Amino acid sequence: MSELPDLKSVDQLKKRIAQYEGLLAKRAELDQRLEKLASELGLVGLRSSAPAASRTTARANEARSLTLKRYWIEKKKKEARATVLQGQETDGASREASGGGKSERPVDKKADRARSLAMKKYWAAKKKAMATV
958 MSELPDLKSV
968 DQLKKRIAQY
978 EGLLAKRAEL
988 DQRLEKLASE
998 LGLVGLRSSA
1008 PAASRTTARA
1018 NEARSLTLKR
1028 YWIEKKKKEA
1038 RATVLQGQET
1048 DGASREASGG
1058 GKSERPVDKK
1068 ADRARSLAMK
1078 KYWAAKKKAM
1088 ATV
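Using the working numbering, read the sequence shown as starting at 958 and increasing by one per residue.
Quick look at the structure:
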């Protein structure tokens, strides 16, 4: 004859099953909240229907892409600042060479154009960075 399990172990199993079901319900609720927040923030790849491993991978990929975005934004900012500073140095050198002040500054359209484009890129990158942070 087969042995019947004792009542204590059956009760313990029932308790464990109830705990597990409670944890599953809580996890489903948290997944729904996460999906809602992700949709509000415009993030993709964080679906609750996906297995836990792929959700973790999606989160890691999202974090990695944000890090890369920040890196490129910072790089563009530095380039824009360098261009602006280089343009200012060029203007200063040309002013000193001409011996005049600000009012007698020769118009260097190419440098002005480069500086204004650099500033536009800088402010666009800054605005984008502020939107992502």
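Cβ coordinates follow ideal geometry from the N, Cα and C atoms, glycine included. If you're wondering where the values come from, they're calculated on a predicted model, not measured in any experiment.
By the neighbour-count criterion, in which 16 or more other beta carbons inside 10 Å mark a residue as buried, Ile974 falls on the exposed side.
If you draw a straight line from the Cα of Trp1080 to the Cα of Gln976, it comes to about 53 Å.
A straight line joining the alpha-carbon of Ala1088 with that of Ser996 spans about 16 Å. Burial state of Gly999 is exposed, judged by a 10 Å Cβ sphere holding fewer than 16 other Cβ atoms.
Rounded to the nearest whole angstrom, the C-alpha separation of Leu981 and Asp988 is 10 Å. Annotation for Leu1074: the continuous alpha helix (DSSP H) segment containing it runs Lys1066 to Thr1089. Here Gly1044 carries a helix assignment [DSSP, helix/strand/coil].
Setting aside the 5 residues that flank it on each side, Val1041 is surrounded in the same chain by Arg1072, Ala1075 and Met1076, each with a C-beta closer than 7 Å to its C-beta; the list follows chain order.
For the set Gln969, Lys1085 and Ser966, the Cα lying nearest the Cα of Tyr1028 is the one of Lys1085.
Taken atom to atom, the span from the alpha-carbon of Ala1082 to that of Val1064 is near 28 Å.
Out of Val967, Arg1070 and Lys1078, the CA that lies nearest to the CA of Glu1036 is found in Lys1078.
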